[in-house]
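Residue numbering for the sequence shown follows the numbering used here, starting at -10 and increasing by one per position. We put the beta carbon where it would ideally sit given N, CA and C, even for glycine. Bear in mind the structure is a predicted one, so any value in this text is a computation, not a measurement.
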Amino acid sequence: MQNAGLVVALVAAFVSGSAFAQGLRPPAELPPAGYAGRQYVDSQGCVFVRAGVGGVVSWVPLVTGERVQVCRAPVAVVAPVAVPDAVAVRAAPKVVTHRVVAQAPAERRVVPLHVYENRQNTRNVAVPKGYRPVWSDDRLNPHRAERTLAPSVVAPVPAVPRGYRAAWQDGRISSTRARGTVTGEAAMGAIWTNDLPRELIRPPVAAQVITAPNNARVGRSPFWEPPVAPVAHLSTRSAPGAAIYVRVARYAGAEEARQAAQGIRGVSLHLGRTARGESLLLAGPYASRAEAQAAEAALRRAGYAGASVLR
């Protein structure tokens, strides 16, 4: 440990120039002239190491690896040395020139200069009206605060259709909520009127007729067996002029009317066509209005709520 400390002290003395220029103090007192030890502890307990060049002895402080002076050591007891009476003539001390070694500068991180001017997103950009550049070095895009506002438009008050009244005055429900497709509107307009209360439109009767046998009955007895459904067939016979018909239902196509006719029993059915190209399912003909009304009531009970006697 003493040798290591000696090496540290000597390196510090020769590299840094003056041993006391780094905040280290010299010995409180020098040892006697005849002291031959390599280390010396002054009265303050600080350790010093012998050093010298050209016969000149100097005492260099002993420091740690962190360049802290080592103190608090036991004080060295130096025995007195007999000095002859004759005074020896000392040679003039040689002047030792200490070479000061400049310390290397600390390492610095070299980074490229950040240039804000002439960026790609700020070239030839005009500041919008009502704004001003915040920075003159174009570090931010002036388009960041630009926005497009839609002009305010007052919505018109919808007109209430004929036969309706406004349920709320705050417009919470759209007046077009009951509107469907164009095809559905046309199909409903061909059957029902637009007034309140709505009524069925009485269309003219065409020549096509579907006839079903009148041999079906309905029963709830456990011994009752339903009859076999007959196959409907088209009849080209025209109805008599004085005959009365009952309109069962109206369909968009003839195939839908034929399928509906398969489920109706007990009445004679005919297939007609309106001027708009829709198919009518008619019951009859009946000789009297009483018979036609009885057939109308039977059809309503069977589930055809729109059945009506044609006038």
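- In this structure, F37 lies away from P21, with their beta-carbon atoms at least 8 Å apart.
- Boundaries of the alpha helix (DSSP H) harbouring L288: 278 to 290, taken from the DSSP string.
- For D31, the closest of P15, G23, G41, A25 by C-alpha to C-alpha distance is P15.
- Rounded to whole angstroms, the separation of the alpha carbons of A179 and R290 is 24 Å.
- The shortest C-alpha to C-alpha distance from L13 to any of V99, A294, T53, E285 is the one to T53.
- P140 and Y153 have their C-alpha atoms some 33 Å from each other.
- Going by beta carbons, V298 and A283 fall outside the 8 Å limit.
- Classified as exposed, I190 has fewer than 16 neighbouring CB atoms from the shown chains inside 10 Å of its CB.
- Beta-bridge partners assigned by DSSP to P145: none are found.
- Within a 10 Å sphere around the beta-carbon of E18 sit fewer than 16 other beta-carbons, which makes this residue exposed.
- By the Cβ criterion, the segment 243 to 260 is in contact with the segment 269 to 277, since at least three pairs of Cβ atoms, one from each stretch, lie closer than 8 Å.
- Counting only residues of its own chain and dropping the five nearest sequence neighbours on each side, G169 has no CB closer than 7 Å to any other CB.
- Non-local C-beta neighbours of V46 in its own chain, meaning closer than 8 Å and more than five positions away in sequence, comprise R39, A40, ordered along the chain.
- Counting C-beta atoms within 10 angstroms of its own C-beta, E285 has 16 or more neighbours from the protein chains shown and is therefore classed as buried.
- Secondary structure at A81: coil, using DSSP grouped into helix, strand and coil.
- Bounds of the alpha helix (DSSP H) holding Q248 are 243 to 251.
- A straight-line Cα-Cα distance of about 7 Å links G43 and K83.
- Apart from the 5 residues on each side of it in sequence, R121 has no Cβ closer than 7 Å to any other Cβ in its chain.
- According to the DSSP assignment, A175 belongs to no beta strand (DSSP E) but to the alpha helix (DSSP H) extending over 171 to 178.
- Assignment of W48 by DSSP, reduced to helix, strand and coil, places it in the strand class.
- Residue environment for S268: buried (at least 16 other C-beta atoms within 10 angstroms of its C-beta).
- Per DSSP, reduced to three states, the secondary structure at A91 is coil, with no helix or strand assignment.
- Counting along the chain, S268 sits inside the beta strand (DSSP E) bounded by residues 268 to 275.
- Each residue's CA atom was taken as its position, placing Y29 and Q58 some 14 Å apart.
- Partner residues in the beta bridge of A40, as assigned by DSSP, are S47.
- Annotation for V237: the continuous beta strand (DSSP E) segment containing it runs 233 to 240.
- Across the structure, Q92 and G23 are spaced so that their CA atoms are roughly 37 Å apart.
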